[in-house]
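Working notes for the structure below.
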Amino acid sequence: MSTNSNVNYAEEKGGYYKVLIGLLVLTTITFIQPSMFLTDATFGVQMLIGLIKALIILFYYMHLKGETLIGWTVMFAVFIVVFFFSIVIFDVQNFQYSDESYISSEATSGGSPTAGHHTTGSDVVSEHTSDVSHEATHSEH
Amino acid sequence: MSDHAYVPEIATSRDGVEHEVQGWQGDFYGGKLGFWLFMLTEVLMFGAMFMVLTYYFTLHHNDFIDASASLNRVLGGFNTVVLLISALTMGLGLLKMRSGDVKGAKLMIWATILLAFVFLGVKAIEWSLEYQHGVFLGLDALQSGNAHSKPFGQILFFGMYFTMTGLHGFHIIIGIGLMLWLLKRINTGKVTTDHHILYWNIALYWDLVHLIWVFVFPYFYMIGCDAGGYHMPDIGSLFGGHSNEH
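Heads up: the protein sequence lines correspond to chains A and B, in order.
With numbering that gives the first Met the number 0 applied, the first sequence covers 0 to 140.
With numbering that gives the first Met the number 0 applied, the second sequence covers 0 to 245.
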């Protein structure tokens with residue numbers, strides 16, 4: 000489906016302004032959400048707003064609406080990203096090597112701001128199992 | 000062919016009938032599809048970076064929230080609106096070009112370039128302020144093992160912050176270069192109302208740059224809003240944001 004055709008500017012510019020207003024409203028919500036609503040789920044809400052903005056940009060500014068082949072190609076690529084994203088997030092949420100890892104909070108915080116990743120594994124003595132320590136981390140929020 | 004004018008190639012079939020060979024120059028859909036494939040590689044690149052970011056965020060939740068709270072939301076938010084308007088000017092410019100208003104299209108491209116420079120300028124101010132506060136790649140605060148070191152999770156956060164916003168800024172600079180090239184092609188008649196695939200694809204590129212910022216902004220600037228209560232940014236935060244005592 001070629002879009003290589005002349006268009007009427009006056010007729011079509013309205014759509015662009017409507018999208019702009021929609022995106023500005025969503026951007027405003029982005030700013031006020033942390034102090035107005037769902038304050039316990041800021042990260043999730045922010046990402047959801049971002050997703051809605053992204054879909055609007057994709058469909059209208061990037062003309063994906065009505066594109067079958069390119070649309071499915073994009074869907075497939077995004078699916079690949081989300082698929083591996085999910086695997087990694089599931090894996091990190093069940094992180095089994097907190098005591099030994101160079102990058103876990105158990106190995107790097109240690110109560111001192113200077114306790115960085117240079118801390119050797121042998122210096123880190125945790126009294127918790129990984130599961131217990133993760134529960135402790137999550138309970139802080 | 001000194002002027003590089005397009006001359007159609009003619010193929011003659013066995014029965015003597017001449018046919019114009021369809022060159023790639025007229026393949027609008029092919030050009031668009033090819034550019035989408037390129038953009039998907041960009042999605043995979045930034046997707047991998049977001050994956051790393053999320054990985055670290057999961058491991059160092061508190062440090063990420065604290066570090067995010069120290070970023071300057073006013074400047075970041077201002078840049079969000081700047082990019083949003085620049086996406087509009089780019090889209091309207093393409094619309095003007097397709098409707099035959101070449102002069103109007105060029106004006107819109109210049110407007111987009113101007114907004115891109117505004118974005119880079121604000122980003123430069125923001126990074127300068129962070130440098131003055133001792134938070135920059137290579138400074139003690141982001142090196143582990145010294146008296147000024149930030150917590151390790153914050154070092155990871157700021158490392159990703161400078162890397163991803165820097166890479167995004169690099170895409171803005173490339174975009175400016177592409178738009179200047181586009182103006183040159185329009186001026187020399189290589190991009191016209193009927194042959195505007197280059198304009199179309201550069202507009203797509205600019206939308207992609209905007210799209211990436213749609214996720215970069217909340218991930219770095221907004222996740223820290225729930226750290227000990229969020230206050231709407233005041234004028235003072237223009238000059239360095241909230242202090243982050245550690």
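Quick reminder that beta carbons are idealized off the backbone N, C-alpha and C, glycines included.
Remember, predicted model here, so these are calculated numbers, not experimental data.
- With its beta carbon at least 7 Å from every one in chain A, K102 (chain B) lies outside the interface.
- The Cβ atoms of G49 (chain A) and V117 (chain B) do not sit closer than 7 Å to each other.
- As the crow flies, the alpha-carbon of M96 (chain B) is around 36 Å from that of Q45 (chain A).
- Contacts with chain A at 7 Å (Cβ-Cβ) include L91 (chain B).
- Beyond the five residues adjoining it in sequence on each side, L91 (chain B) comes within less than 8 Å, by CB distance, of M107 in the same chain, given in chain order.
- Of the residues B:F34, B:M178, B:E8, B:T11, the one whose Cα lies closest to the Cα of W109 (chain B) is B:M178.
- The beta-carbon distance between F219 (chain B) and T79 (chain B), rounded to whole angstroms, is 11 Å. This is too long to meet the 8 Å contact definition.
- DSSP, read as helix, strand or coil, puts H170 (chain B) in helix.
- Across the structure, L141 (chain B) and H170 (chain B) are spaced so that their CA atoms are roughly 25 Å apart.
- Membership of T57 (chain B) in the alpha helix (DSSP H) is indicated by the continuous run 27-58.
- Look at the beta carbons and you see the segment 47-67 of chain B touching the segment 71-87 of chain A: at least three pairs across the two are nearer than 8 Å.
- At least one beta carbon of chain A lies nearer than 7 Å to the beta carbon of D206 (chain B).
- Residues L52 of the same chain have their beta carbon placed closer than 6 Å to that of M159 (chain B), with the five preceding and five following residues left out of the count.
- With the criterion set as a beta carbon lying under 8 Å from some beta carbon of chain B, the members of the segment 42-60 of chain A are F42, Q45, M46, I48, G49, K52, A53, I56, L57, Y60, in sequence order.
- Within the segment 30-84 of chain A, the runs of alpha helix (DSSP H) that reach at least 4 residues and sit entirely inside it are, in chain order, 41-55.
- Within its own chain, the residues whose Cβ lies closer than 8 Å to the Cβ of F77 (chain B), once the five positions on either side in sequence are excluded, are V121, listed in chain order.
- If the five residues before and after Y59 (chain A) are omitted, its C-beta is found closer than 6 Å to the C-beta atoms of V18, all from its own chain and listed in chain order.
- Put simply, the CB of L37 (chain A) is far from chain B, with every gap to its CB atoms at 7 Å or more.
- At least 7 Å separates the CB of T27 (chain A) from every CB of chain B.
- T192, L203, D206, H209, L210, V213, F214, P217, M221, I222: these are the residues of the segment 190-223 of chain B whose beta carbon lies less than 7 Å from some beta carbon of chain A, given in chain order.
- In this structure, S98 (chain B) sits away from Y16 (chain A), with a CB-CB distance that is not shorter than 7 Å.
- Around the beta carbon of F37 (chain B), a 10 Å sphere encloses fewer than 16 other beta carbons of the protein chains shown; the residue is thus reported as exposed.
- Counting the other Cβ atoms within 10 Å of the Cβ of Y5 (chain B) gives fewer than 16, which makes it exposed.
- The shortest CA-to-CA distance from A202 (chain B) to any of B:F27, B:V20, B:T88 is the one to B:T88.
- Looking at the DSSP output, E19 (chain B) sits in a beta bridge with B:I9.
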